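Notes for the one structure printed next.
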Amino acid sequence: MKNYDSELCGSLPIHLTNHIQPYGVLLVIDRKSFNVIQASENSHLVFDEPVGEMIDAPLTRYISQGTVEKIQQKLTAAFANPLPDQWNIRGGEHFVLWHAKETYLIAEIEIPGFQTGEQSSFANVYHELKYAMSRIESADSITGLWQIVVAEIKKVSGFDKIMVYQFDEDWNGTVVAEVLEPGMEVYLGITFPASDIPRQARELYKRNPYRYIPDRDAQPVRLYPVINSLTGAFIDLFDCNLRSVATVHVEYLRNMGVSASMSIRIMKDNELWGLMACHHRTPRQLSFQMCSVLEMLSAAISAKLSLLVNKNNYQFDQSLKEKYTTLVKEIYASGNPDDTMVKTGRIAELFEADGLAIIRNGLTRTWGKTPSEEDLQELALWLSVQDIKGIYHTTSLSSVHDVAEHYRSTCSGLLCLLIDPRRHDFLLLFRPEVIETLQWGGNPDERIQFESDGKSYHPRNSFKIWQQTVTGRSAGWRREELLLAEVLRNFLYEFSTTRTK
495 MKNYDSELCG
505 SLPIHLTNHI
515 QPYGVLLVID
525 RKSFNVIQAS
535 ENSHLVFDEP
545 VGEMIDAPLT
555 RYISQGTVEK
565 IQQKLTAAFA
575 NPLPDQWNIR
585 GGEHFVLWHA
595 KETYLIAEIE
605 IPGFQTGEQS
615 SFANVYHELK
625 YAMSRIESAD
635 SITGLWQIVV
645 AEIKKVSGFD
655 KIMVYQFDED
665 WNGTVVAEVL
675 EPGMEVYLGI
685 TFPASDIPRQ
695 ARELYKRNPY
705 RYIPDRDAQP
715 VRLYPVINSL
725 TGAFIDLFDC
735 NLRSVATVHV
745 EYLRNMGVSA
755 SMSIRIMKDN
765 ELWGLMACHH
775 RTPRQLSFQM
785 CSVLEMLSAA
795 ISAKLSLLVN
805 KNNYQFDQSL
815 KEKYTTLVKE
825 IYASGNPDDT
835 MVKTGRIAEL
845 FEADGLAIIR
855 NGLTRTWGKT
865 PSEEDLQELA
875 LWLSVQDIKG
885 IYHTTSLSSV
895 HDVAEHYRST
905 CSGLLCLLID
915 PRRHDFLLLF
925 RPEVIETLQW
935 GGNPDERIQF
945 ESDGKSYHPR
955 NSFKIWQQTV
965 TGRSAGWRRE
975 ELLLAEVLRN
985 FLYEFSTTRT
995 K
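Residue numbers (the working numbering): 495 to 995.
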């Protein structure tokens, strides 16, 4: 499977578009003079002045001196982008988001009356937010959390479909929860390739809580002048919510039958875990304030996920430690760790392995399901020339060691503890192959369609389920198991060296 995530999609400069979406106005302000140095060509909708006449004008021409002084005071302190503000312009109130750069500031300004449909009062929004947060806090399992999340986000945002989208280790995303209006295509359980949300887009979510596209067919608005006079280049719109939408993504949404979308990040321990994907079949406009409400819910959901995952990991870790303590006691009681491990198989239970092998001084002892004696000797020889620091693990031995292909059903997963590096003594734990059927949203090998010039390309136009059978892989080794394996390896090494002195 070609890795378009890193080779193509992940290298596109999506932050240097020089265009914005038309649901707001963007100004670029010189940090020293507080003069306007760039403005979006729709600025007249807010300031009632041609964009050409705004360039080099002081910001105080449009907002009060007091408002400018307040933002200058805030800029003297450290703050995380964006910084919310409110301006009174020509008698109207405008919600504003500030982004600070080294030499300039970016102001994203909401266009009043842009949002359509019923607009909730502050009191209603506040009560909806409080209720949603209390429901999120009540979740006692990760599965339960996602069922609450999709229901509450749909209620608050009004989007037709809400999905929770979880990334795997290769950044493919699987829909683990979903709620939708009748007649919409179901994606629950479907996996989408990493190139659908490529690397540089994922980087944006680490800095920006959400990506909002109210109307995929809206015409982008250019910034004027094209070049930033302070940098001599296009302005960096990396942090801006108004940043225009790449043509290929517009086509992707059209192929999916989506007119409006909003993707909201889910973080776990400050790392991107997944997204809440919100889809609407017609244009869907939300106020800046409602986007801020969804940003707050994103933070609450991320905090709750981290709490539940860490709680589960703690409980798993405690269970491992209890089993490990029992094993160590048995080893001390017998005085022979190899006998204890081979006769009881308790160590295999500890690591949820189907078999184990101990190789000392070229001799092999086994328990459970393992490769043959000949294969174990060959595997030990291969391991002895690897640069192993304490432990080595893989979930697909045959992908790194071709000889293991013929016994992958027994040993796709390997956890190797190097007991004595001088004599190449090993404790090997084996996990069997787990054959998995993935359901992709379209053929992942056809996710990019190139034109005849080899440069222009389009996203796939079908999301029909495409099945792939994955072989040669075992269940993964958990972080807690690997940490305990290090502890066990050190114990076995110390026990062995002490006994031989």
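Glycine included, every Cβ here is placed at the ideal spot set by N, Cα and C.
Here the structure is a predicted model, which means the values were calculated and not measured.
Fill in: Three-state secondary structure assigned by DSSP to T963
Indexing the sequence shown from 1 puts residue 963 at position 469. The answer is strand: DSSP assigns T963 an E or B state.
Discussion item. With the cut-off set at 9 angstroms, would you say Y681 and I758 are in Cβ contact?
Written reply: For the purposes of this step, residue 681 is taken as the residue at position 187 of the sequence shown. For the purposes of this step, residue 758 is taken as the residue at position 264 of the sequence shown. Their beta carbons are not under 9 angstroms apart, which means Y681 does not touch I758 by this criterion.
Practice prompt. Tell whether a beta-carbon distance below 9 angstroms holds between L802 and I853.
Written response: As a first step, residue 802 must be located in the sequence shown, where it is residue number 308. As a first step, residue 853 must be located in the sequence shown, where it is residue number 359. Contact: no.
Worksheet item: In chain order, which continuous runs of the alpha helix (DSSP H) of length 4 or greater are located wholly inside the segment 790 to 847?
Response: For the segment 790 to 847, the full-length alpha helix (DSSP H) segments reaching 4 residues or more read 831 to 838 and 840 to 844 along the chain.
Discussion item. I'd like to check one pair, I636 with L799: are the Cβ atoms closer than 9 angstroms?
Written reply: For the purposes of this step, residue 799 is taken as residue 305 along the sequence shown, with counting starting at 1. For the purposes of this step, residue 636 is taken as residue 142 along the sequence shown, with counting starting at 1. In this structure, L799 sits near I636, with a CB-CB distance shorter than 9 angstroms.
Worksheet item: Between K624 and M790, what straight-line distance do the alpha-carbon atoms span, to the nearest angstrom?
Response: Residue numbering aside, residue 624 sits at position 130 when the sequence shown is read from its first letter. Residue numbering aside, residue 790 sits at position 296 when the sequence shown is read from its first letter. If you take the alpha carbons of K624 and M790, they lie about 11 angstroms apart.
Practice prompt. For M657, write down the residues that DSSP places opposite it in a beta bridge.
Written response: Translated into the one-based positions of the sequence shown, residue 657 becomes position 163. Partner(s): E672 and A771.
Discussion item. Just to confirm the assignment: which complete beta strand (DSSP E) runs, minimum length 3, are found wholly within the segment 687 to 754?
Written reply: Runs of the beta strand (DSSP E) inside the segment 687 to 754: 704 to 707 and 715 to 718.
Practice prompt. Return yes when the Cβ of D690 is within less than 9 angstroms of the Cβ of S753, no when it is not.
Written response: Here residue 753 refers to the residue found at position 259 of the sequence shown. Here residue 690 refers to the residue found at position 196 of the sequence shown. No. Outside cutoff.
Item to complete: Measure the CB-CB distance between Y718 and E930 and report whether it falls below 9 angstroms.
Response: Translated into the one-based positions of the sequence shown, residue 718 becomes position 224. Translated into the one-based positions of the sequence shown, residue 930 becomes position 436. It is not a contact, given that the beta carbons lie outside the stated cut-off.
Worksheet item: With 16 as the cutoff for other CB atoms within 10 Å, does S505 come out buried or exposed?
Response: Position 11 of the sequence shown, counted from the start, is the residue given in the question as residue 505. With a pLDDT of 47 at S505, under the threshold of 50, the modelled position of this residue cannot be trusted; read the value that follows with caution. By the 10 Å Cβ count, S505 comes out exposed.
Worksheet item: Can the beta-carbon of G895 be found less than 9 angstroms from the beta-carbon of L873?
Response: What you label residue 895 is simply residue 401 of the sequence shown in a count that begins at 1. What you label residue 873 is simply residue 379 of the sequence shown in a count that begins at 1. Just to set this straight, residue 895 is His in the shown sequence, not Gly. Between H895 and L873, the gap from beta carbon to beta carbon is short of 9 angstroms.
Discussion item. Suppose you measure from the CA of V981 to the CA of I882; what does that come to, to the nearest Å?
Written reply: Translated into the one-based positions of the sequence shown, residue 981 becomes position 487. Translated into the one-based positions of the sequence shown, residue 882 becomes position 388. Rounded to whole angstroms, V981 to I882 spans 16 angstroms at the Cα level.
Practice prompt. Count the CB pairs spanning the segment 657 to 669 and the segment 759 to 771 that are closer than 8 angstroms, and state whether there are at least three.
Written response: Taking 8 angstroms as the limit for Cβ pairs, the verdict is that the segment 759 to 771 does touch the segment 657 to 669.
Practice prompt. Could you please give the first and the last residue of the uninterrupted alpha helix (DSSP H) stretch that includes F541?
Written response: On the sequence shown, residue 541 is found 47 positions in, with the first residue counted as 1. Residues H538 to F541.
Worksheet item: With 16 other CB atoms within 10 Å as the buried threshold, where does P692 fall?
Response: Within the sequence shown, numbered from 1, the residue matching residue 692 stands at position 198. So P692 counts as buried.
Discussion item. Our contact map puts K648 next to I656 with C-beta atoms below 8 angstroms; I'd like the distance itself, whole angstroms only.
Written reply: Stepping through the sequence shown from its first residue, residue 648 is reached at position 154. Stepping through the sequence shown from its first residue, residue 656 is reached at position 162. K648 to I656, Cβ: 5 angstroms. Contact.
Discussion item. From the DSSP secondary-structure annotation, give me the bridge partner or partners of K883.
Written reply: For the purposes of this step, residue 883 is taken as the residue at position 389 of the sequence shown. Bridge partners of K883 according to DSSP: I885.
Item to complete: Alpha carbon to alpha carbon, how far is F728 from D848? Give it in angstroms, no decimals.
Response: On the sequence shown, position 354 is the one that residue 848 refers to. On the sequence shown, position 234 is the one that residue 728 refers to. Near 58 angstroms, if we compare the C-alpha coordinates of F728 and D848.
Item to complete: Out of E604, V522, A794 and E927, state which residue places its alpha-carbon closest to the alpha-carbon of L539.
Response: Stepping through the sequence shown from its first residue, residue 539 is reached at position 45. Measuring from the Cα of L539, the nearest candidate turns out to be E604.
Fill in: S892, enclosing alpha helix (DSSP H) - first and last residue
Counting from one through the sequence shown, the residue named residue 892 turns up at place 398. From DSSP, the alpha helix (DSSP H) with S892 extends over L891 to V894.
Worksheet item: Looking only at C-alpha atoms, which of I600, D832, A671 and G546 sits nearest to L1000?
Response: Only positions 495 to 995 of the chain appear in this structure, which leaves residue 1000 out of reach.
Item to complete: Ignore the nearest five residues each way along the sequence and tell me which others in V964's own chain have a CB closer than 8 angstroms to its CB.
Response: The count along the sequence shown starts at 1 and reaches residue 964 at position 470. Residues I929, E930, T931 and L932 of the same chain have their beta carbon placed closer than 8 angstroms to that of V964, with the five preceding and five following residues left out of the count.
Worksheet item: In chain order, what residues of the same chain lie with their CB nearer than 8 angstroms to the CB of W640, ignoring the 5 residues before and after it?
Response: Here residue 640 corresponds to residue number 146 of the sequence shown, with the count starting at 1. Only V658, V670 and A671 meet the Cβ criterion.
Worksheet item: Which residues does DSSP pair with N529 in a beta bridge?
Response: Here residue 529 corresponds to residue number 35 of the sequence shown, with the count starting at 1. Bridge partners of N529: P552.
Worksheet entry | For P676 and P777, the rounded distance between their alpha carbons | Locating residue 777 in the sequence shown gives position 283, counting from the first residue. Locating residue 676 in the sequence shown gives position 182, counting from the first residue. So the two alpha carbons sit approximately 18 angstroms from each other.
Discussion item. Among the candidates G546, T858 and Y818, whose CA atom is the shortest distance from the CA of V836?
Written reply: Here the question's residue 836 lines up with position 342 in the sequence shown. Looking at the Cα atoms, T858 is the closest of the given residues.
Worksheet item: DSSP state of I929, grouped into three classes?
Response: Start at 1 with the first residue of the sequence shown, and residue 929 comes out as number 435. DSSP, reduced to helix, strand and coil, places I929 outside both helices and strands of the structure shown, so it counts as coil.
Worksheet item: Given a threshold of 16 other Cβ atoms within 10 Å of its Cβ, counted over all protein chains shown, does T685 qualify as buried or as exposed?
Response: For the purposes of this step, residue 685 is taken as the residue at position 191 of the sequence shown. Its Cβ being crowded by 16 or more others within 10 Å, T685 is buried.
Practice prompt. Would you kindly report the start and end of the unbroken beta strand (DSSP E) that includes I605?
Written response: In the sequence shown, the residue the question calls residue 605 occupies position 111. Element bounds for I605: n/a, residue is neither H nor E.
Worksheet item: Where does L977 fall in DSSP's three states?
Response: On the sequence shown, position 483 is the one that residue 977 refers to. Helix at L977.
Item to complete: Name, in chain order, the residues that DSSP records as bridge partners for R854.
Response: Taking the sequence shown and counting its residues from 1, the one referred to as residue 854 is at position 360. In the DSSP output, where bridge partners are listed per residue, R854 has L857.
Item to complete: Taking Q566 as the reference, give the member of F528, L674, P578 and S903 with the closest Cα.
Response: Here residue 566 refers to the residue found at position 72 when the sequence shown is read from its first residue. Per the Cα distances, F528.
Fill in: One or two residues paired with H593 in a DSSP bridge
Translated into positions along the sequence shown, residue 593 becomes position 99. I600.
Practice prompt. Return the first residue and the last residue of the alpha helix (DSSP H) that G560 is part of.
Written response: Residue mapping note: residue 560 aligns to position 66 of the sequence shown, counting from 1. If you look at G560, you'll find it in the alpha helix (DSSP H) that goes Q559 to L569.
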